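Below you'll find the structure, written out as structure tokens, and then a few comments.
In my numbering, the protein residues as written are 3 to 314.
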């Protein structure tokens, strides 16, 4: 009788624990539809472009490089000076430079510095002229690298794009993406989403956007959305199962076993930003998913994280 009582008690506790595990349920927001909805409109405006159904005015970085082994081309016609905030423009230029450098389109000895716009302004150049000079420098650095690029053994194609997808009186949010194919099984993609404070030009991170009392809740919501949208294995029904399977996959994926064990408390939040529909979290290829999933994106509706944000 004593043993039966303890077995019954253990079974009840186990059932209670299982019932408290968060179930994986479908989410109503389609992130592809969000990106498509806020893409640049086809009609050019004298003051730049417009974006999305609200026709938000703005500008776009849109630069592409391609090669067929014998010829190398670069298109920078639409690499337009942004006039939102000099600090924001400088940050976006740094993304352009890092991508060009990472893929070998400019030498790592190129002359661009992260404070180039500020330096030129200090020399007396107006902001728009300073920005234009940075664009010219990118073009020059690329031209200086052409002989090296022509020695690549395979054709390549790269396309990078930056455009705003959300404006308020306090912030602007940009989508930054890069695609590069240099042969092999598939292309390499990077995707970021960044919100900036319009007044200061500061790029807002997780701790800037999410209030201390809401960080645990937001992490749980991001994990739950990832569990539904990008499960590693089939038949995942709870968030705990998803995290366990994620650790199994990362263990096999990393032969050196260098990965940190993921828990609900330290679940990676990815690159976070704010859009009209909610808080967005973006991950890079292979960060938490196989390469076939590309760069995962999830959106947490504002109604699910009430009281969790700092007020931007």
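Glycine included, C-beta positions come from ideal geometry on N, C-alpha and C.
None of these values were measured; they are calculated from a predicted model.
| Item | Value |
| --- | --- |
| So within the region 97 to 140, which uninterrupted alpha helix (DSSP H) runs reach at least 4 residues, ignoring any that extend past its ends? | 118 to 124 |
| Is it the case that the region 115 to 133 contacts the region 159 to 176, given that we only count it when at least three CB pairs across the two stretches are under 8 Å? | no |
| According to DSSP, is residue 27 part of a helix, a strand, or is it coil? | coil |
| Unbroken alpha helix (DSSP H) runs of length 4 or more, entirely within the region 236 to 311: which are they? | 241 to 255 |
| Per DSSP, what kind of secondary structure is residue 160 in: helix, strand or coil? | strand |
| Spell out the partners DSSP gives residue 95 in its beta bridges. | Paired residue(s): none; residue 95 is not in a bridge. |
| May I have the straight-line CA-CA distance separating residue 302 from residue 142, to the nearest angstrom? | 42 Å |
| Counting Cβ pairs, one atom from each stretch, are 3 or more of them under 8 Å apart for the region 205 to 225 and the region 261 to 280? | yes |
| Would DSSP call residue 170 helix, strand or coil? | coil |
| Which class does residue 43 belong to by DSSP, given the choice of helix, strand or coil? | coil |
| Between residue 239 and the rest of its own chain, which residues show a CB-CB distance below 7 Å, the 5 nearest in sequence each way excluded? | 25 and 26 |
| Using the Cβ count rule (16 or more neighbours within 10 Å means buried), how would you classify residue 28? | exposed |
| Would you mind giving the Cβ-Cβ distance between residue 192 and residue 202, rounded to the nearest angstrom? I have them listed as a contact below 8 Å. | Contact doesn't hold; Cβ gap of about 26 Å is too wide. |
| Around the C-beta of residue 71, are 16 or more other C-beta atoms found within 10 angstroms, so that it is buried, or is it exposed? | Bear in mind that a pLDDT of 48 at residue 71, under 50, signals an unreliable position, so the number given afterwards is only what the model happens to contain. Residue 71 comes out exposed. |
| Thinking C-beta only, is residue 23 closer than 8 Å to residue 242? | yes |
| Name the two residues that bound the continuous alpha helix (DSSP H) containing residue 230. | 217 to 231 |
| Any idea what DSSP makes of residue 234, helix, strand or coil? | coil |
| Run through DSSP, which three-state label would residue 87 get? | coil |
| What is the residue span of the beta strand (DSSP E) that residue 193 lies within? | 190 to 199 |
| Please check the pair residue 123 and residue 134, which I expect to be a contact at CB under 8 Å, by giving their CB distance rounded to whole angstroms. | Their Cβ separation, rounded to whole angstroms, is 12 Å, which puts residue 123 and residue 134 out of contact at 8 Å. |
| Per DSSP, what kind of secondary structure is residue 37 in: helix, strand or coil? | helix |
| Taking C-alpha atoms, which residue in 137, 92 and 165 lies nearest to residue 108? | 137 |
| On the CB-based measure, 16 or more other CB atoms within 10 Å of its CB, does residue 121 come out buried or exposed? | exposed |
| Please report how far the alpha carbon of residue 152 lies from the alpha carbon of residue 183, in whole angstroms. | 15 Å |
| Can the beta-carbon of residue 276 be found less than 8 Å from the beta-carbon of residue 216? | no |
| Starting from residue 210, trace the alpha helix (DSSP H) both ways and give me its first and last residue. | 208 to 211 |
| Based on the DSSP output, what are the partners of residue 175 in its beta bridges? | 168 and 197 |
| Alpha carbon to alpha carbon, what distance is there between residue 230 and residue 237? | 11 Å |
| Could you pull out every residue in the same chain whose Cβ sits closer than 6 Å to the Cβ of residue 89, ignoring the five residues on either side in sequence? | 203 |
| Exposed or buried, residue 57, counting other C-beta atoms within 10 Å across all chains shown (16 or more means buried)? | exposed |
| Would you list the residues sitting across from residue 183 in a DSSP beta bridge? | 159 |
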